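In the UniProt record's numbering, the protein residues as written are 1 to 279. Note that CB positions come from ideal geometry on N, CA and C, so glycine has one too. Predicted, not measured: the structure shown is a model, and the values here were computed from it. Please read the structure below before turning to the comments.
In C-alpha cells form, the structure reads like this:
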C-alpha cells in the first residue's frame, strides 16, 4: 500500500512539474508575442498614413477589358463619403469587382485593402489568428465611426488599430497568411443569415475555414477546422490581393474551389507589383 501511495505521489508531482514547465513556456511565448506586437505598434501613426493605392489596374475576365487607374478613380469618386460596399457587375449577372469605404471615407476596390502587410514574421500557420485574438477587439463600425454603417480598415490598419469588425479581422488575417506564402482569401457572405466576412485557407489539397473574430479556445498548435464542417457559413464572394471570385451556385455550399466559383477579375496596383509574387 505504501509503495502504491509513493508511486502515486511521484507521478502527481511529475505531472505538476510538466504542467508548470508548459505554462512557463507558454507565458514566455506570450511575452515574446507581446514584445513583437509592441514593436509593430511603435510607429503606427506614420504607418497609418501609407494606405493610398496608386497605379491601379483591373482586368475584367469575362470581356478582356482592362480598367485603368483613371477609370477606376472615376468610378469610385462619386461614391466618396458613402458608407457601405458596392458591387460592379457585367450584364447585370456577374459581379466582377466590389468596393468599400475606407477609414478616410474614400472608396477602394476590395483587393486594395490587402496591402501586403505582416506585423512580424512567424513560422506557425496557426499563429496569426492566435495573435490577432490578443491584439484586436471586435466592435461594430457604427459604434466606432459615429454611425457609419460599413467602414473597412486596410490589412495594415486592421492590425494597428485596436478595434474593428469582421471584415477588418479577416483582412488582417488573410494578408498575414498571404505574406507567409499561404493561399488565403477573404470570403464575404452570411453566417446564419447575418452579413459576415471570414477567411478560407487552401493548404495541402484541403480547405480550412478561419473565423477571424474568434477570441476563445485558441491554441498556437491546434489545427484549423475544415470548411466542410461549417454549413452555417454561406459564401457569396471571395478575393485575395489579385483575384475576385463570385459564387454562381448554391449559397449553402461548403466547397470553396469548385466550378461554381467564377474568377471574374484580376487586380493590381503599383505597391503590389513591387511585392514578391504571392496570391
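Inset, instruction - Throw me the rounded Cβ distance for the residue 159 and residue 135 pair, which I believe falls under 8 Å. - result: In the chain shown, the residue the question calls residue 159 occupies position 159. In the chain shown, the residue the question calls residue 135 occupies position 135. With 8 Å as the limit, residue 159 and residue 135 qualify as a contact, their Cβ atoms being about 7 Å apart.
Legend entry - residue 169 (DSSP reduced to helix, strand or coil): Taking the first residue of the chain shown as 1, we reach residue 169 at position 169. In this structure, residue 169 counts as helix in the three-state DSSP scheme.
Inset, instruction - Compare the C-alpha of residue 146 against each of 91, 103 and 230 and name the closest. - result: Sequence index remark: in the chain shown, residue 146 carries index 146 (1-based). For the residues 91, 103 and 230, the minimum Cα distance to residue 146 belongs to 103.
Inset, instruction - Just confirm the distance between the C-beta atoms of residue 85 and residue 150, as a whole number of angstroms; I'd bet it's less than 8 Å. - result: Reading the chain shown from its first residue, position 85 is the one you call residue 85. Reading the chain shown from its first residue, position 150 is the one you call residue 150. The pair is a contact, with the Cβ atoms about 6 Å apart (cut-off 8 Å).
Legend entry - residue 23 versus residue 271: straight-line alpha-carbon distance, rounded: By one-based count along the chain shown, residue 23 stands at place 23. By one-based count along the chain shown, residue 271 stands at place 271. Reliability of the predicted coordinates at residue 23 is poor, the pLDDT of 43 falling under 50, and the value obtained from them is presented with this limitation in mind. If I take the Cα positions, the gap works out to 42 Å.
Legend entry - Segment contact flag, the segment 167-179 with the segment 197-208, C-beta cutoff 8 Å, min 3 pairs: yes
Inset, instruction - Determine the direct distance from the alpha carbon of residue 221 to that of residue 19, and round the result to whole angstroms. - result: As a working note, residue 19 is residue 19 in the chain shown. As a working note, residue 221 is residue 221 in the chain shown. Model confidence at residue 19 stands at a pLDDT of 40, short of 50, so the residue's coordinates are unreliable and nothing is read from them.
Legend entry - Rounded separation between residue 32 and residue 156 - CA only: By one-based count along the chain shown, residue 32 stands at place 32. By one-based count along the chain shown, residue 156 stands at place 156. Going from the Cα of residue 32 to the Cα of residue 156 covers about 21 Å.
Legend entry - Paired residues, beta bridge with residue 260 - DSSP: Position 260 of the chain shown holds residue 260. According to DSSP, which records beta bridges pairwise, residue 260 is partnered with nothing at all.
Legend entry - Where the alpha helix (DSSP H) containing residue 57 begins and where it ends: Translated into the one-based positions of the chain shown, residue 57 becomes position 57. Not the alpha helix (DSSP H): residue 57 falls in the beta strand (DSSP E), residues 57-60.
Legend entry - Cutoff 7 Å; reference residue 122; Cβ partners in own chain excluding five residues on either side: Mapped onto the chain shown, residue 122 falls at position 122. The residues are 128.
Legend entry - Sequence-distant residues of the same chain with beta carbon closer than 6 Å to residue 90, five excluded per side: Within the chain shown, numbered from 1, the residue matching residue 90 stands at position 90. Excluding positions up to five away in sequence, the list reads 62 and 96.
Legend entry - Neighbourhood of residue 67 by C-beta distance below 6 Å, restricted to the same chain and skipping five residues each side: Mapped onto the chain shown, residue 67 falls at position 67. Excluding sequence neighbours, residue 67 sits near 58.
Legend entry - Residue burial classification, residue 194 (beta-carbon count within 10 angstroms, cutoff 16): In the chain shown, residue 194 corresponds to position 194, counting from 1. Flag for residue 194 reads exposed.
Legend entry - Same chain, Cβ closer than 8 Å to residue 82, neighbours up to 5 away in sequence not counted: Numbered from its first residue, the chain shown carries residue 82 at position 82. Cβ within range, chain order: 101 and 107.
Inset, instruction - Could you say which of 105, 230 and 185 lies nearest to residue 52 if we only look at CA atoms? - result: Taking the first residue of the chain shown as position 1, residue 52 is located at position 52. Per the Cα distances, 105.
Legend entry - Range of the contiguous beta strand (DSSP E) that encloses residue 238: For the purposes of this step, residue 238 is taken as residue 238 along the chain shown, with counting starting at 1. Note, residue 238: beta strand (DSSP E), 233-239.
Inset, instruction - Classify residue 188 as helix, strand or coil using the three-state DSSP reduction. - result: The residue given as residue 188 occupies position 188 in the chain shown. The answer is strand: DSSP assigns residue 188 an E or B state.
Inset, instruction - From the DSSP output, read off the bridge partner residues of residue 88. - result: Start at 1 with the first residue of the chain shown, and residue 88 comes out as number 88. Note: residue 88 sits in a beta bridge opposite 97.
Inset, instruction - Compute the Euclidean distance between the alpha carbons of residue 224 and residue 261, then round it to the nearest angstrom. - result: By one-based count along the chain shown, residue 224 stands at place 224. By one-based count along the chain shown, residue 261 stands at place 261. Roughly 22 Å separates the two Cα atoms.
Inset, instruction - Using the Cα positions of residue 229 and residue 77, report the straight-line distance between them to the nearest angstrom. - result: Stepping through the chain shown from its first residue, residue 229 is reached at position 229. Stepping through the chain shown from its first residue, residue 77 is reached at position 77. Each residue's alpha carbon lies about 41 Å from the other.
Inset, instruction - Output the distance between the C-alpha atoms of residue 236 and residue 71, rounded to the nearest integer angstrom. - result: Walking along the chain shown from the start, residue 236 turns up at place 236. Walking along the chain shown from the start, residue 71 turns up at place 71. Distance between the alpha carbons of residue 236 and residue 71: 26 Å.
Inset, instruction - Please go through the same chain and pick out, in chain order, the residues whose beta-carbon is closer than 6 Å to the beta-carbon of residue 211, but skip the five residues on each side of it. - result: Locating residue 211 in the chain shown gives position 211, counting from the first residue. Result list for residue 211: 198, in chain order.
Legend entry - Burial state of residue 178 (16 or more Cβ within 10 Å): Locating residue 178 in the chain shown gives position 178, where the first residue counts as 1. Label assigned to residue 178: buried.
Inset, instruction - Measure the C-alpha to C-alpha separation of residue 226 and residue 187 and round it to an integer number of angstroms. - result: Looking up residue 226 in the chain shown gives position 226. Looking up residue 187 in the chain shown gives position 187. Going by the C-alpha atoms only, they are around 15 Å apart.
Inset, instruction - Rank 257, 250 and 252 by C-alpha distance to the C-alpha of residue 244 and give the top, closest one. - result: As a first step, residue 244 must be located in the chain shown, where it is residue number 244. Of the listed residues, the one whose Cα sits closest to residue 244 is 257.
Inset, instruction - Check whether the Cβ atoms of residue 202 and residue 110 sit closer than 8 Å, and answer yes or no. - result: Here the question's residue 202 lines up with position 202 in the chain shown. Here the question's residue 110 lines up with position 110 in the chain shown. Result no, Cβ atoms of residue 202 and residue 110 do not sit closer than 8 Å.
Legend entry - Closest by C-alpha distance to residue 251, when choosing among 234, 168 and 64: For the purposes of this step, residue 251 is taken as the residue at position 251 of the chain shown. Cα-wise, what sits closest to residue 251 is 234.
Inset, instruction - For residue 214, I'd like the list of residues in its chain whose CB is within less than 8 Å of its CB, leaving aside the five on either flank, ordered along the chain. - result: Here residue 214 refers to the residue found at position 214 of the chain shown. 129 and 133, listed in sequence order.
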